[in-house]
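Chains as they are written, first to last, in the numbering used here: chain U, 1012 to 1768; chain E, 10 to 558.
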């Protein structure tokens, strides 16, 4: 039996530890990098390969051969090998090839100035209960850049629905020429017609230097050209011409300003750049402060890639991760956080690498001589003889690529934002929405809510506790204490409901009254006490000591009534906001408009003032009870001694009793703080739940606890959001754990101290 | 001496004493006001309000559909947000008849109103759908009989009789559609799952399925006929706008002529309404009807929680008081218990979701319910996991209360028992535990009060806004005579009901009375539990005061 009981005791400790450890285990995967495991190699037939692509499942990668073949190589049992002819004219070869995994489009630039766009058709069929991946290829269109049959150096194409844009760098007798074609595809009776060239634009005159790399953005209205001199030109291109929007040199301060690689991330808004020395930067389109046009700006500088600039690159189609590398190393990084998910030293030259659509497999192509159209590799005729090559397959396990310490606690420069910010926005309207999971606004919101709650609750609770234990008739205590404790038993959902649906609309129009009341009530109390103390003793004797709080009921009501009278007067005297024509000088008196007009911060109906007030109901009884207990616990001898020496009852209370009980009072405040930090329903209902960061009393906030309550029921199990919410819970746990432990230690210390008194 | 007393005697710090008195008064006034507010708003929901017939001034545009008369219950009178020269006050009327007007609340400028009257013939009908109907009855159309005008003598008795018939039919429809067809649906699902098992007797199951489907068709037909009969009898009601509407008697839940009621009748009517509120199922997205499933769900959850929390808490407390050596370890346990009490409730919810639902529930599903495939049984929130989470949350309450109670058992009793040769466990079992039972009960009641009032963790582990069935199987299925607790089922909860009604409902204005009524009920429940705990504690103290050796 003893054993059984001991087990029971141990279970309590285990329960606390389990909660802690379990939550910790849930959040640990957030801070792990990607785990990448080599699963094997697959031999590749000899050939001069230009591009590598892969299907969504990562089972059937393909290679584009210079002579015009697409070779599909199964890396898993359930995929069928195939070689498809890319249907080039006789004697032609491919000069540049790119595969866009999102649109499944293969873009081929030929040596006669033509662009060939084909679609790779991957299909997954069920054969005898086994998934089989099959490949196919369909030519979409081909067209020619300019009239000259000049070989293409690099080519880019993007189909953004109604807008289609192709761009190429051509080698016209040794001189580089950059051309852009806008394409039109008429839709007749719901069927897409043939692609025709709209505008044929020559961008060369606007360029300086030797162009080596061309890119088209996702919305197909802009062309980015990189030159060997290390400059980037950004053109806006449309039906009616083009304009140079921006010209910048990202690595101007480097010893060699050359751009080793330039590629778009998923979404086509951010560029991933590497310099000749391996430095790695993200440049993103955004509105710089005070400007109307979006421009590329440096949003992140990542760790340099070991071994120099990147020679190959692939962006994930699922998130903002990208895989790039050179002959010496391969690196998987997450652009938004700049976090290195995985880095691997290579033992041999690698020509290309891809991430599959499901983001669970990486494939690298080992080949010394694949011609990759990266800026530093000059022209196709430098290709060396073909060697045997192979595909190296890696299993990738990276369930939370977007998470790192910086995601949750650092300022992150998200795509489209004009500066790095702390943002919490877990879901958005569109598919390519990037969740923003900074916990900082939530922590700030929690602290804000707690601060205003304590601002209101601590004075009232402590004053009430001092009065109850020191000045009140002891027989009232029997009734007063349970009433105050009753407050603690009010369910917080009830308080939240009252706050949001009854109090908030009521207070919204009466803020000046509230301000008056806050100022007036203590003043009246003090004033009344001051006057009372000057009344003749005979009059005072009419009311015995210890009944003050009863007398105060009508006084309180009267001063609130007075405040209600003064409030509107104050409002119409001070809170004047001009309306309509500024010349007319018409003004309206409304605090709700005046506050934003004066301070620039918003006025919301559900705000920190309401929360602070209603949280009082939750926090006051806790602080009151515990501090009253510790005040009452002060030995009577101290009090008697002080009074006998001639100190007044206030002097005794304030200078003898309160200091003695200060540790207990402090611990009471700490426990109240712990309760305020974790309070959920009031916060969910009465704060408006906007994750903003300010200390404005008339705006709302979103707290950690409310955030969990609002988002966790909708979060898919074990997703990043799910774990981020667990991280929020963990922070709450830590906060309250710290606060409660301090309070508990203080109380134990206090108990020891009283033993000696 | 007297002269000296007449002089003001300055006492240092007296204003500060008044300041502290203000703190206490503020706190007390806050509690009293809040409780008063809830009580007033909650109780007034059931009070049958008078129906005003408002006549607007000629030329006013405020009427509905150009009519100059409006009938409705006065909701509130308030100052206009933007006062005009025509007056500063406006009133809000509950005009009902949502099906006819597309809204049920209407604001009117007082300046627009010519007169207000309370004609006795105005009738308020509570309906199954479309909210209340307000108007004057014109005639009753009973199938196969000639129409009965409202001023005919037999009108009232006939109406009452026909409404009773329709209500009996509604109960029959409910029985057929929900319980009998529901049971068949369950059997069909079971059969489908059994078919997934490769070793199942397909022929037998197919035969059973065919039989079930035939029975299903019969029942569905029966329900259809009953439903059709609900529209046989109709009441013609003239709205204040002059429009006449037909109301099928099958739609009527209750009806009254509020302007004819005496005070006593009003009191009875509000008790009646209050009882309906407590005993009925919700209707119309929870904004009408009662809260019975929420009460029941709260009850079941709290009961299960108590079953879990008492042994755990009592054993831990006995360990701390009787067995553990008072040293660092016990100090740590105490800090752990206090910390457990201080951990925010939402964190328990997070833990419950992650651990109980996904880890424990997920394992149970994969072990015992493989035939359910990807449909979770225990791997989703349910009443069991909610109770377990709440038990974990409330265990410190029980531990602390039990510890106090055990500490209060007189030393003499304990030592006497040991001296008589009882073992430690015997002493605990027959002396200490019985003596501290009231203390344990106090802790349990406090835990129950917390469990009944807490919402945040439940939102994560199994509370829903509308549970189609109660978590306890009832007796209509002939085979299930014993009530069976469906531990995996989601449930409704009073606290969540308040949150859901107040914040998630499409028409929060219409839901407000229900929220206040539910709030009142929850507060009364929690306060009664807390008061009970306080009373028991007082009794306990008195008993030990007398019983000390």
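Ideal Cβ positions, reconstructed from N, Cα and C, are used throughout, including at glycine. Bear in mind the structure is a predicted one, so any value in this text is a computation, not a measurement.
{"Check": "Residues near residue 1045 of chain U in its chain [Cβ-Cβ closer than 8 Å; skip 5 each side]", "Outcome": "1343, 1352, 1353, 1407, 1408, 1409, 1412"}
{"Check": "Length of the line joining the Cα atoms of residue 274 of chain E and residue 405 of chain E", "Outcome": "49 Å"}
{"Check": "Cβ of residue 1436 of chain U within 8 Å of any chain E Cβ", "Outcome": "no"}
{"Check": "Per DSSP, the bridge partner or partners of residue 1323 of chain U", "Outcome": "U/1336"}
{"Check": "Where the beta strand (DSSP E) through residue 513 of chain E begins and ends", "Outcome": "Careful: residue 513 of chain E lies outside any beta strand (DSSP E) and carries neither H nor E."}
{"Check": "Exposure label - residue 27 of chain E; buried when at least 16 CB within 10 Å", "Outcome": "buried"}
{"Check": "Status (buried if at least 16 other CB within 10 Å, exposed otherwise) for residue 354 of chain E", "Outcome": "buried"}
{"Check": "Min CB distance residue 1748 of chain U to chain E below 8 Å", "Outcome": "yes"}
{"Check": "Own chain partners of residue 333 of chain E with C-beta closer than 8 Å, once the 5 adjacent residues on each side are dropped", "Outcome": "339, 342"}
{"Check": "CA-to-CA distance, residue 512 of chain E to residue 165 of chain E, given in whole angstroms", "Outcome": "41 Å"}
{"Check": "Under the three-state DSSP convention, the category residue 1279 of chain U falls into", "Outcome": "coil"}
{"Check": "Distance CB(residue 86 of chain E)-CB(residue 73 of chain E) smaller than 8 Å", "Outcome": "no"}
{"Check": "Residue environment, residue 1467 of chain U, which counts as buried when at least 16 other CB atoms sit within 10 Å", "Outcome": "buried"}
{"Check": "Residue 407 of chain E and residue 350 of chain E closer than 8 Å at C-beta", "Outcome": "no"}
{"Check": "Spatial distance of residue 79 of chain E from residue 519 of chain E (CA atoms)", "Outcome": "19 Å"}
{"Check": "Alpha carbon of residue 1116 of chain U to alpha carbon of residue 1131 of chain U, nearest angstrom", "Outcome": "6 Å"}
{"Check": "Residue 1658 of chain U versus residue 1036 of chain U: straight-line alpha-carbon distance, rounded", "Outcome": "58 Å"}
{"Check": "Neighbour flag for residue 1774 of chain U against chain E, beta carbons, 8 Å", "Outcome": "Any question about residue 1774 of chain U goes unanswered here, given that chain U covers just 1012 to 1768."}
{"Check": "Bridge-paired residues (DSSP) for residue 1365 of chain U", "Outcome": "U/1374"}
{"Check": "Chain-ordered neighbours of residue 1559 of chain U on chain E, where CB pairs are closer than 7 Å", "Outcome": "26, 27, 30"}
{"Check": "Three or more C-beta pairs below 8 Å linking the segment 1448 to 1464 of chain U and the segment 1312 to 1332 of chain U", "Outcome": "no"}
{"Check": "One or two residues paired with residue 261 of chain E in a DSSP bridge", "Outcome": "E/136"}
{"Check": "Sequence-distant residues of the same chain with beta carbon closer than 8 Å to residue 253 of chain E, five excluded per side", "Outcome": "147, 245, 246, 247"}
{"Check": "Between the CA atoms of residue 1479 of chain U and residue 602 of chain E - distance to the nearest angstrom", "Outcome": "Within the shown structure, residues of chain E are numbered from 10 to 558, placing residue 602 of chain E beyond reach of any answer."}
{"Check": "Per-residue DSSP class, three states only, for residue 1594 of chain U", "Outcome": "coil"}
{"Check": "Closer than 8 Å at the beta carbon, the chain U residues around residue 532 of chain E", "Outcome": "1501, 1502, 1505"}
{"Check": "Start-to-end residues for the alpha helix (DSSP H) that takes in residue 1527 of chain U", "Outcome": "1522 to 1545"}
{"Check": "N- and C-terminal bounds of the alpha helix (DSSP H) containing residue 360 of chain E", "Outcome": "354 to 360"}
{"Check": "Per-residue burial, residue 1542 of chain U [other beta carbons within 10 Å of its own, 16 or more giving buried]", "Outcome": "exposed"}
{"Check": "Inter-residue Cα distance where the pair is residue 524 of chain E and residue 103 of chain E", "Outcome": "17 Å"}
{"Check": "Any 3 or more C-beta pairs closer than 8 Å across the segment 1568 to 1577 of chain U and the segment 50 to 70 of chain E", "Outcome": "no"}
{"Check": "3 or more residues per run - each beta strand (DSSP E) lying fully within the segment 1196 to 1225 of chain U", "Outcome": "1207 to 1213"}
{"Check": "Counted within 10 angstroms of its Cβ, other Cβ atoms place residue 542 of chain E as buried (16 or more) or exposed", "Outcome": "buried"}
{"Check": "8 Å Cβ cutoff met for residue 398 of chain E and residue 365 of chain E", "Outcome": "yes"}
{"Check": "Coarse secondary structure for residue 386 of chain E, derived from DSSP in three states", "Outcome": "coil"}
{"Check": "The segment 1059 to 1073 of chain U / the segment 372 to 388 of chain E touching (three or more Cβ pairs under 8 Å)", "Outcome": "no"}
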